[in-house]
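Position 79 (the sequence shown) corresponds to 410 in the numbering used here; numbering is contiguous.
All C-beta atoms, glycine included, are put in the ideal place defined by N, C-alpha and C.
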Amino acid sequence: TRKHCTAKECKRLLPQFLEMVNDLRQSAFQSLRTLGNTLFKWREEVVRMLRFTKNNGITEGFHRKMKLIQRRAYGFRNFENYRLRVRVLCG
């Protein structure tokens, strides 16, 4: 199954998305209004996410590994040792 839609499908779904966001922003419930306002502020990013298949998962994975190395690195005496460990485990 696909996780993204074509440009034509996004163009067709965009008005529905914006209408849903506006309905949420006018809700009687504060939590739904907050959700609607958040989606309204991030609407361009949400549409972009639906349109394109690329994400930053690989970068996030490397970042997670580096943070793990950093937590283990309290015994390292200098930055060069940390850099070498990152290159060995992530390279």
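Between isoleucine 400 and leucine 420, the beta carbon gap of about 6 Å places them in contact (Cβ cut-off 8 Å). Taking the CA atoms as reference points, cysteine 336 sits about 40 Å from arginine 414.
Around the beta-carbon of leucine 355, 16 or more other beta-carbon atoms lie within 10 Å, marking it buried. Linking threonine 369 to phenylalanine 383 through their CA atoms gives a straight-line distance of about 21 Å. The Cβ atoms of arginine 374 and valine 352 sit closer than 8 Å to each other. For glutamine 357, no alpha helix (DSSP H) segment is defined, and its DSSP state is neither H nor E. For phenylalanine 393, the uninterrupted alpha helix (DSSP H) run begins and ends at 388-403, by DSSP.
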